[in-house]
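Asker: Have a look at this one.
2 protein chains.
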Amino acid sequence: MKNPLEKRSVFVYLRIAALIEQQILDNTLRAGDKLPSLRTLCREYGISQNTALSAYYHLESNMLIEARPQSGYYVRSGTRKLPAPAASNPAGVAAHAGTDQLVARVYDSLGLGGHLPLSLGTPAKELLPVAKLNKALLQATRELSGSGVVYDKNDGNERLRRQVARRALAMDCGLSHQDVITTSGCLNALSYCFMAVAEKGDTVAMESPVSFGMLQLAQALGLKVLELPTDPATGVDLNALEAAMKRTDVKACLLISNFSNPLGSCMPDAHKRSAVGLANRYQVPLIENDLNGDVYFGAHRPRSCKSFDDSGIVLWCGSVSKTLAPGYRVGWVAPGRFKEAVARLKLYHTISSPAITQETIAAFLETGRYENHLRKLRHTLQANLHRYNRAIADYFPDGTMLSRPQGGFVLWLQLPGPTDTISLYEKALACKTGFAPGRLFSLQNQYNNCMRLNYGLVWDEKLENSLKILGNLVRHPERGNQYSRTL
Amino acid sequence: MKNPLEKRSVFVYLRIAALIEQQILDNTLRAGDKLPSLRTLCREYGISQNTALSAYYHLESNMLIEARPQSGYYVRSGTRKLPAPAASNPAGVAAHAGTDQLVARVYDSLGLGGHLPLSLGTPAKELLPVAKLNKALLQATRELSGSGVVYDKNDGNERLRRQVARRALAMDCGLSHQDVITTSGCLNALSYCFMAVAEKGDTVAMESPVSFGMLQLAQALGLKVLELPTDPATGVDLNALEAAMKRTDVKACLLISNFSNPLGSCMPDAHKRSAVGLANRYQVPLIENDLNGDVYFGAHRPRSCKSFDDSGIVLWCGSVSKTLAPGYRVGWVAPGRFKEAVARLKLYHTISSPAITQETIAAFLETGRYENHLRKLRHTLQANLHRYNRAIADYFPDGTMLSRPQGGFVLWLQLPGPTDTISLYEKALACKTGFAPGRLFSLQNQYNNCMRLNYGLVWDEKLENSLKILGNLVRHPERGNQYSRTL
Numbered sequence: 001m002k003n004p005l006e007k008r009s010v011f012v013y014l015r016i017a018a019l020i021e022q023q024i025l026d027n028t029l030r031a032g033d034k035l036p037s038l039r040t041l042c043r044e045y046g047i048s049q050n051t052a053l054s055a056y057y058h059l060e061s062n063m064l065i066e067a068r069p070q071s072g073y074y075v076r077s078g079t080r081k082l083p084a085p086a087a088s089n090p091a092g093v094a095a096h097a098g099t100d101q102l103v104a105r106v107y108d109s110l111g112l113g114g115h116l117p118l119s120l121g122t123p124a125k126e127l128l129p130v131a132k133l134n135k136a137l138l139q140a141t142r143e144l145s146g147s148g149v150v151y152d153k154n155d156g157n158e159r160l161r162r163q164v165a166r167r168a169l170a171m172d173c174g175l176s177h178q179d180v181i182t183t184s185g186c187l188n189a190l191s192y193c194f195m196a197v198a199e200k201g202d203t204v205a206m207e208s209p210v211s212f213g214m215l216q217l218a219q220a221l222g223l224k225v226l227e228l229p230t231d232p233a234t235g236v237d238l239n240a241l242e243a244a245m246k247r248t249d250v251k252a253c254l255l256i257s258n259f260s261n262p263l264g265s266c267m268p269d270a271h272k273r274s275a276v277g278l279a280n281r282y283q284v285p286l287i288e289n290d291l292n293g294d295v296y297f298g299a300h301r302p303r304s305c306k307s308f309d310d311s312g313i314v315l316w317c318g319s320v321s322k323t324l325a326p327g328y329r330v331g332w333v334a335p336g337r338f339k340e341a342v343a344r345l346k347l348y349h350t351i352s353s354p355a356i357t358q359e360t361i362a363a364f365l366e367t368g369r370y371e372n373h374l375r376k377l378r379h380t381l382q383a384n385l386h387r388y389n390r391a392i393a394d395y396f397p398d399g400t401m402l403s404r405p406q407g408g409f410v411l412w413l414q415l416p417g418p419t420d421t422i423s424l425y426e427k428a429l430a431c432k433t434g435f436a437p438g439r440l441f442s443l444q445n446q447y448n449n450c451m452r453l454n455y456g457l458v459w460d461e462k463l464e465n466s467l468k469i470l471g472n473l474v475r476h477p478e479r480g481n482q483y484s485r486t487l
Numbered sequence: 488m489k490n491p492l493e494k495r496s497v498f499v500y501l502r503i504a505a506l507i508e509q510q511i512l513d514n515t516l517r518a519g520d521k522l523p524s525l526r527t528l529c530r531e532y533g534i535s536q537n538t539a540l541s542a543y544y545h546l547e548s549n550m551l552i553e554a555r556p557q558s559g560y561y562v563r564s565g566t567r568k569l570p571a572p573a574a575s576n577p578a579g580v581a582a583h584a585g586t587d588q589l590v591a592r593v594y595d596s597l598g599l600g601g602h603l604p605l606s607l608g609t610p611a612k613e614l615l616p617v618a619k620l621n622k623a624l625l626q627a628t629r630e631l632s633g634s635g636v637v638y639d640k641n642d643g644n645e646r647l648r649r650q651v652a653r654r655a656l657a658m659d660c661g662l663s664h665q666d667v668i669t670t671s672g673c674l675n676a677l678s679y680c681f682m683a684v685a686e687k688g689d690t691v692a693m694e695s696p697v698s699f700g701m702l703q704l705a706q707a708l709g710l711k712v713l714e715l716p717t718d719p720a721t722g723v724d725l726n727a728l729e730a731a732m733k734r735t736d737v738k739a740c741l742l743i744s745n746f747s748n749p750l751g752s753c754m755p756d757a758h759k760r761s762a763v764g765l766a767n768r769y770q771v772p773l774i775e776n777d778l779n780g781d782v783y784f785g786a787h788r789p790r791s792c793k794s795f796d797d798s799g800i801v802l803w804c805g806s807v808s809k810t811l812a813p814g815y816r817v818g819w820v821a822p823g824r825f826k827e828a829v830a831r832l833k834l835y836h837t838i839s840s841p842a843i844t845q846e847t848i849a850a851f852l853e854t855g856r857y858e859n860h861l862r863k864l865r866h867t868l869q870a871n872l873h874r875y876n877r878a879i880a881d882y883f884p885d886g887t888m889l890s891r892p893q894g895g896f897v898l899w900l901q902l903p904g905p906t907d908t909i910s911l912y913e914k915a916l917a918c919k920t921g922f923a924p925g926r927l928f929s930l931q932n933q934y935n936n937c938m939r940l941n942y943g944l945v946w947d948e949k950l951e952n953s954l955k956i957l958g959n960l961v962r963h964p965e966r967g968n969q970y971s972r973t974l
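Line order of the protein sequences matches chains P and F.
Using the working numbering, the first residue of the first sequence is number 1, and each one after it goes up by one.
Using the working numbering, the first residue of the second sequence is number 488, and each one after it goes up by one.
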């Protein structure tokens, strides 16, 4: 298979650096390994000494390698490989959301648009193609009938729906634009899906831990949530999924199939196929939240459960909120056999969605602009992930466990000992840093020693310092005030 | 009181024409009355003969006056004054929405973005300031932090919220921007309001007839609807409102206080004050749909129920969907004491709303652009209303009754005899025209001899012809095929 990074850049030194970085990420080159000498590098790749040096400088500035005087370049040591957390094991009791005042208080201070990006699950604005989107928006006012000032069709902007279908086809998912309805972001798509298949008092099954947005939505709709054991690498436990689907009170199942939030798990194709099989056997609609699928670090985009769905039982939801423009609120759903119900819900709750932002995103997807942007974004995220791994290994205590996301924006940490990340969160706030406490990702009293970190940020000294402060707080929570004083 | 049309135009002939038009609309000049001679007009206003002639030409082209050879100009005759329908008298039984397949079929063919603007309740795109909005949108990408690509605050764009509060203040409604939450259009605001104050199975009281969007929303939320007797001029019957609020199953009351859809009724200030008093006495939240308030034909904008609300029991909803940009989906709500609940619902269902379109609208409201546009829009609508009155008097049968809206976009017709507007609707479709059948505006089997017409369109021969076809169909429904053949 072709190396996805090979064509990333027109600069030879960046291509060489990317190849070496890939070997480090693959563990082909391990911490402490000596890198080829500059002379060898020149010979192997047929490049000049300057180019070779630039490649090593680039890797060094990304803190992947280090120069040792009189000796050469080495893969940066001290990147302890932290173990991954074990699969979760929540209680098999469906719970109503929203009773925990403490959790509510933390939700509030998490604040959207707040000053604590480490706690959020979206990319920083510096990683988004703002100027290019503005240009596309201007173009959309010219190309769109009525400039988007008049009502769009209920199903949404057709150009965008065609692009969503085209991209789905590229991952073996046979959709037409007629199967797709646009929404106000992925969450709004999920909201309509839940409303279409479940009623107040019903139970829905989800992975555990799960993004608190999913729990809040269930709360708003009066749904009970059955949390399912989930592996940090492969996602939901299929036996638990089957047991849930057998239950008559479970009216739907929600899976974040690719690079789940917060675990970063990605269901293998075989699991996806099985999950769809179970949904068909027990006739339980499978709502698939696939909003992170485009942010993969592997060779290609992972498939969706939808791509294994012949019967229309999968409601596939996505958006560009994690890759292009969270603030545009552009998402979509291919609701399968529930399409009419979802379309009616959209009509009844909001008539239609804004066409101008959808047209803008459609134009972006049509050309190579989206792929170009994704390539850069993935590279930045992958490099960040590496840096976070190193920093957490450096600053956090022994016994810290760390998820190994193969895509997406978030890391899941399980801390050693009796750490309570809710109280730690208050201390972190005082130190002007943040994270999302693990307790938020469940309705049960669990994950109190866990936290989620966002690595979709611009890596700089301040960010490294934030991670250092967090690590110190975890090591010595009693010294919280001291850290905040030294800021 | 100053004539609102006085400063409408820099052209003297248009100012003169507007003054005369006002006199016709006021019935100071009546159908058949002779207008002053050109010489008299010149003397009275101190204008040239050319200017006087231009004023009369303008009124003539608007079909308000006609020239009679050798005699002079006359107010156009044939504008029979049709009687207004009586107040409605629906059954006092709360009904569940959405069981009527026939109605559902008509809903579908009403189609948003369809080719039958007469059946819709929004202004035609030609009446909207598309180019100016495009310019404002471009400006917004420059002025808005992150160009609106990143998440906005949960409450919504602050600049827009300040403008909404400022405009509310101008009608004696003391709001600050902190009282306002932006939404995806007015319907989305109403959706959150209903969710905040009522649960599946509860009953909500509304005017009757009422915009079918309200009924559909209630259906989507599993709410029962109690329809209240309503006067085409003054809106909901206050005794009926009180009786409804006394009922323990009625959890909320929805009123379209200004220029209701479809009746065009406007609650007098005293009624608004009483309605708020009742809401307080019986502690039943009053959801106020005030999306048409800016489109008034009188001297000033009517007040809202919210402006009489001291206790926060009124949830005031509005938008620019009827005046600026339906497709932008920009609306808002001042939810009073339910603000926290509404904010949470918005967060849980869609996180935030698109900032870029809200910023665009905010910029429009800040300057005089909105008022300028409104002035033109109101003038066009008022002229259209006059033309519709005339055309309906000309083409529809005796016994037709007609609402007398003092603002908004829609006319309500009650037809004589056993007319069934549902079956008439099919015939109108075949003749490539349309209307909204009265049956859609109730959950009970009533208003079958009524129809709603949109006059927010560009008046031209085609539109007049559509009204003529409709009138002929009403007179001779059996000849439907013949009319469609002659198209």
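Virtual Cβ for every residue (Gly too), placed ideally from N, Cα, C.
#1: Based on Cα-Cα distance, which residue from A731/F, V667/F, L656/F, T669/F lies nearest to V691/F?
#2: Whose Cβ in chain F lies nearer than 7 Å to the Cβ of D202/P?
#3: With H, G and I counted as helix, E and B as strand and the rest as coil, what does DSSP make of T51/P?
#4: Along the chain, where does the alpha helix (DSSP H) that runs through I507/F open and close?
#5: Using a Cβ-Cβ cut-off of 7 Å (strictly less than) and excluding sequence neighbours within five positions of L631/F, which residues of its own chain qualify?
#6: Cβ of G438/P within 7 Å of Cβ of T419/P?
#7: Rounded to whole angstroms, what is the Cα-Cα separation between G601/F and L944/F?
#8: Quick check on the DSSP output: what are the complete alpha helix (DSSP H) runs of length 4 or more inside the region 834–896 of chain F, in order along the chain?
#9: Just curious, the beta strand (DSSP E) that V712/F is in, first and last residue?
#10: Can you look up E686/F in the DSSP assignment and give me helix, strand or coil?
#11: Do L546/F and C680/F have their beta-carbon atoms positioned less than 7 Å apart in this structure?
#12: So, under 8 Å CB-CB, P85/P and M401/P are touching, yes? Tell me the CB distance rounded to an integer number of Å.
#13: With 7 Å as the limit, tell me which residues of the region 790–824 of chain F have their beta carbon closer than that to any beta carbon of chain P; keep them in chain order.
#14: Among the residues of its own chain, which have a CB less than 6 Å from the CB of N871/F, if the five just before and after it don't count?
#15: Could you tell me if L656/F is buried or exposed, where buried requires 16 or more neighbouring beta carbons within 10 angstroms of its beta carbon?
#16: From the DSSP output, which residues share a beta bridge with N292/P?
#17: Less than 7 Å between CB atoms is the rule here; does Y348/P satisfy it with respect to chain F?
#18: So, does the CB of Y857/F fall closer than 7 Å to a CB anywhere in chain P?
#19: Taking the straight line between their C-alpha atoms, what separation do you get for A430/P and R479/P?
#20: With DSSP run on the structure shown, which of helix, strand or coil describes A87/P?
#21: In whole angstroms, what separates the C-alpha of L160/P from that of F409/P?
#22: Look at the Cβ atom of K687/F, then the Cβ atom of G661/F, and state whether they are nearer than 7 Å.
#23: Which bits of chain F does S184/P rub up against, with CB to CB less than 9 Å?
#24: As an exercise, report each continuous beta strand (DSSP E) stretch of at least 3 residues that is fully enclosed by the region 260–347 of chain P, in chain order.
#25: Using a 10 Å radius around the Cβ and a threshold of 16 neighbouring Cβ atoms, would you call E44/P buried or exposed?
#26: Give the single residue among L120/P, Y151/P, Y74/P whose Cα lies nearest to the Cα of Y638/F.
#27: When the Cβ atoms of the region 243–259 of chain P are set against those of the region 390–397 of chain P, are three or more pairs found closer than 8 Å?
#28: Based on Cα-Cα distance, which residue from R15/P, R475/P, E21/P, Y282/P lies nearest to I47/P?
#29: Taking the C-alpha atoms as reference points, what is the distance between E464/P and A124/P?
#30: What span of residues does the beta strand (DSSP E) with C529/F cover, start to end?
#31: On a CA-only basis, which of L728/F, A812/F, M754/F is nearest P772/F? Give me that one, please.
#32: Would you kindly report the start and end of the unbroken alpha helix (DSSP H) that includes N445/F?
#33: Here's the rule: buried if 16 or more other CB atoms are within 10 angstroms of the residue's CB, otherwise exposed. What is Q822/F?
#34: Does the beta-carbon distance from K272/P to C305/P come in below 7 Å?
#35: From this set, T515/F, T867/F, H836/F, which residue's C-alpha is nearest M195/P's C-alpha?
#36: Considering Cα atoms alone, identify which of L702/F, N514/F, I774/F is closest to I800/F.
Answerer: Working from what's here:
#1: A731/F
#2: Result: empty, since nearest Cβ-Cβ is about 12 Å, beyond 7 Å.
#3: helix
#4: 499–512
#5: A842, I843, E846
#6: no
#7: Here the model assigns G601/F a pLDDT of 44, short of 50, so the residue's position is not dependable, and the following value carries that caveat. So the two alpha carbons sit approximately 14 Å from each other.
#8: 842–853, 856–882
#9: 711–715
#10: coil
#11: no
#12: 4 Å
#13: A812, P813, G814, Y815, R816
#14: Y942, W946
#15: exposed
#16: Answer is none; N292/P lacks a bridge partner.
#17: yes
#18: no
#19: 12 Å
#20: coil
#21: 25 Å
#22: no
#23: S671, N675, R816, H836, T837, I838, S840, P841
#24: 286–289, 314–319, 331–334
#25: exposed
#26: L120/P
#27: no
#28: R15/P
#29: 16 Å
#30: Looking at the DSSP string, C529/F is not in any beta strand (DSSP E); the run it does join, the alpha helix (DSSP H), is 525–532.
#31: L728/F
#32: With chain F covering 488 to 974 only, the question about residue 445/F has no answer from this structure.
#33: For clarity, residue 822/F is Pro in the given sequence; the question names Gln instead. Flag for P822/F reads buried.
#34: yes
#35: H836/F
#36: I774/F
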